[in-house]
Structures are given as structure tokens and as C-alpha cells.
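**Student:** Just so you know, the sequence shown maps onto residues 11 to 356 in the numbering used here. Questions regarding the structure given below will be posed in turn.
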Amino acid sequence: MEHAEIPPQAATSRARIMLTRMDDAGYTERIVDVADPALIDPSFKGIAWIDVNGVEDKETIQKVCQVFNLHPVILEDILDVEQRPKIFEMEDKYAFIEFNTFVRVPTTNEVRTLQYSLLFFPNLIITFQQDAGVDLFKVARDRIKLKRNLVVKNGPGYLLYLILDYVVDHYFSVIEDIEFCIDDLEDRVIENPSREDIASLKAIKQSLIYIRKSIWPMREILNRLESMEPPFMNKGMRIYFRNLYEQIITIIDLIETFRDILSTTFDIHLSSQGNRLNVRINNLTIISTIFLPLNFLAGLFGMNWLGPADGASFDVMFSFGFYIVVSSMVAIALLVMVVFKRKKWF
């Protein structure tokens, strides 16, 4: 599975339409125009997949919707890339699914959300990818090509399963990237914490919240697909979508685990910063304590004293008074340091 990364700016261009068809005779895929009669070919009895890459090209999207006589609400949902993931059926003619995927921005530890729309007909699947510069299904088509016989045997439901299975694998890829970032961040916080770590913690935590919010509705989507009846879905397909459902639950559990780890890492960071501050304060306190008796002696030595006999000053009475006081200061400082060392204060 390729790592989910995206360049700082994805390319924007006209929508590309990829037509993939498979039957007992073989497997074909080619780029077509919206006016190509192969998009709707009554003579073709196999299974087809039309992938429209780039919903920024509204004109092409509108033409595709007109070709297949889609409801105006479907067109609005496809063009609105801020939709919540959902699934519903249109008069038993087709099912409409919207879901999100994610690509990681390596420079910021953030994730970018991309919306995908999917139309599920009895013998046809149409997908719409938001960004023409990010082809999520490129690898999925290679997988499907290898399993062409199973798709033809099990019907469009199996093709839908393979597409969504790749999407779920993509989720795991993003989660693995985030897990690597969390492990690296945790090591840095323990070994050498810094202010930048707080920004990284917040960015990753925000990304996890966003991913969870988008993945959570996939449970309902997969539940609905599991319960679909023919002609959309063969009964034997239920176990496949149940498997995808369990994988989504696993991803949600991983997200919760990562959020707990981030909270613990944040606490460790605060504790490390507090410990470093305490060490600095402790060192300053030791220095102040050492100089306290020295300041006392220095102040005492600087006073003028009258001698008992002739009123001479302290330094006149004792010609070696300066050296005696300095030696006393050094001795007291060493004594205080020895006491602190034995008490393991530094």
C-alpha cells in the first residue's frame, strides 16, 4: 500500500473519464469523452466502471449526470465537496454513496480531506473523485484487473467491495503514517522536549478528530450495503461487507488509542518542562544559599570596628584579617556544597 501523501498544491485540470469494462471475454480500460457512446452501451452484458476524476470541472460532471439521467439532488451532492458521508437509494434504480478519504501533508503533520461520490447500478458503478491531481483508484484498478473473473462471477457487488476495500486499506495507510509521527513525537518529548512539540501534538490530535468524524459514518454505509438485496447485491456478498465493517471498527479503535497516547504524551511534555524548571530553580537556590553566609561575612568585614585598646579598626587590629575572612568564605562555601551533595540536592 502506498503512503498517503500529497504535494503542497494538487493540479487542477479538466475531468478525466476512465471507462473500465470486464466480462467473460476479458478486461479493458481506456480514457473516454463524455460523448463516447461506450458510456451507455446496451449491447455490453458485462460489468462497467466509470471513474470521473476531477469534480472541479462542473461542465463535464453535469454532462455525465445528464447522460445517466441522474436526479438534480445527486448533481448537487457531487459538486458540494463538504458533504457528510452517507448512502441512500433512488427508487430502486441505483444507490448513491458519498465518503471521504485523506491524504497527509508531510510538512505540517496535517491531513487533507477529499470527497468521493459513488453511484451503484445493477451492472454499473460510477465514481467521482474530487481532485483531478489525486487518483485514488489507480492502484485499485490494478487489483480489480487481477480479480476480473471474480467480479464477473459475483456481479457489481463484488466490484463495489473491491473499490471500498481499497478505500479502507487507504485509511489504514494514513493511520500508519500518523502512528509513525506519534512514535517519533513521543521519543522527542521524552528525550529532548521543545515548544515545537506542542504544535505537533495539536496538529496530529486535530487530524485524528477530523478523520474519526469522517470515518464514523462508514459504519452505517457498510451496514446498509450488507443488507442490500438483488439485483444490486448477491446474498453471498454480505460477509465481504461485514469484513469491511469490522475493519472500520478497528480503525476507530486505533484512533481512540492514538488520542489517549497523545494525551499521555502531552502530560509527559508538561511534566518534563516542569521538571526542567524545578532543576533551574533548585540550582539558583543552591547558589543563593552558598552566597548567603559569604554575604554576611563580607558585610561584617566591611564594617568599622573599634578595638578594645586603642580604637583601631578591625583590619588594623588583625593585619591578616582579609585573608582570614576570604579563607573562611571558601571553607563555608565548600562545607555548604558538601552538605548539599550528601543530601543529593544536586
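Just so it is clear, CB atoms sit at the ideal spot from N, CA and C, and this is done for glycine as well.
Which two residues bound the contiguous alpha helix (DSSP H) that contains Q216?
**Tutor:** Residues R205 to I225.
**Student:** Quick check on L345: buried or exposed, where buried means 16 or more other Cβ atoms within 10 Å of its Cβ?
**Tutor:** It is exposed - the Cβ of L345 has fewer than 16 other Cβ atoms within 10 Å.
**Student:** Given this structure, state the Cα-to-Cα distance separating Q283 from F276, to the nearest angstrom.
**Tutor:** If I take the Cα positions, the gap works out to 11 Å.
**Student:** How about F147 and Y104: do their beta carbons lie closer than 9 Å?
**Tutor:** Result no, Cβ atoms of F147 and Y104 do not sit closer than 9 Å.
**Student:** So within the region 152-209, which uninterrupted alpha helix (DSSP H) runs reach at least 4 residues, ignoring any that extend past its ends?
**Tutor:** Correct list: 158-164 and 166-201.
**Student:** Any idea if Q76 is buried or exposed, counting beta-carbon neighbours within 10 angstroms, 16 or more meaning buried?
**Tutor:** Looking at its Cβ environment, which holds fewer than 16 other Cβ atoms inside 10 Å, Q76 is exposed.
**Student:** Rounded to whole angstroms, how far is the Cβ of I188 from the Cβ of L218, which I believe are closer than 8 Å?
**Tutor:** Correct: roughly 7 Å between the Cβ atoms.
**Student:** Select from I296, E230, E266 and I173 the residue whose C-alpha is nearest the C-alpha of A58.
**Tutor:** For A58, the nearest C-alpha among the options comes from I173.
**Student:** Let me know if A319 comes out buried or exposed under the rule of 16 or more other beta-carbons within 10 Å of its beta-carbon.
**Tutor:** Residue placement at A319 cannot be trusted, given a pLDDT of 48 that sits under 50; what the coordinates show is reported in the next sentence. Label assigned to A319: exposed.
**Student:** Express the C-alpha separation of M228 and R234 in angstroms, rounding to a whole number.
**Tutor:** Whole-angstrom Cα-Cα distance: 10 Å.
**Student:** Quick check on the burial criterion: 16 or more other C-beta atoms within 10 angstroms. Buried or exposed for L170?
**Tutor:** Flag for L170 reads buried.
**Student:** When you compare the CB positions of A150 and A25, do they come within less than 9 Å of one another, or not?
**Tutor:** It is not a contact, given that the beta carbons lie outside the stated cut-off.
**Student:** Opposite A58 in the DSSP bridges: which residues?
**Tutor:** According to DSSP, which records beta bridges pairwise, A58 is partnered with R31 and L134.
**Student:** Select from D67, F106 and P95 the residue whose C-alpha is nearest the C-alpha of L80.
**Tutor:** Considering only alpha carbons, the answer is F106.
**Student:** Do D87 and E69 have their C-beta atoms within less than 9 Å of each other?
**Tutor:** Not in contact: D87 and E69 (Cβ atoms no closer than 9 Å).
**Student:** By Cβ distance, which residues of its chain are closer than 6 Å to I278, with the 5 residues on each side in sequence left out?
**Tutor:** Counting only Cβ-Cβ distances below 6 Å, and skipping sequence neighbours, we find V199.
**Student:** Helix, strand or coil: which one does DSSP assign to F109?
**Tutor:** In the structure shown, F109 sits in a strand (DSSP, three-state: E or B).
**Student:** For L195, tell me which candidate among N288, I297, V91 and L272 has the shortest Cα-Cα distance.
**Tutor:** L195 has its Cα closest to that of L272, out of N288, I297, V91 and L272.
**Student:** Please report the distance separating the alpha-carbon of Y83 from that of P95.
**Tutor:** Going by the sequence as given, residue 83 is Val instead of Tyr. In a straight line, the C-alpha of V83 is about 15 Å away from that of P95.
**Student:** Would you mind sorting T137 into buried or exposed? The rule is 16 or more other CB atoms within 10 Å of its CB.
**Tutor:** Per the 10 Å Cβ criterion, buried.
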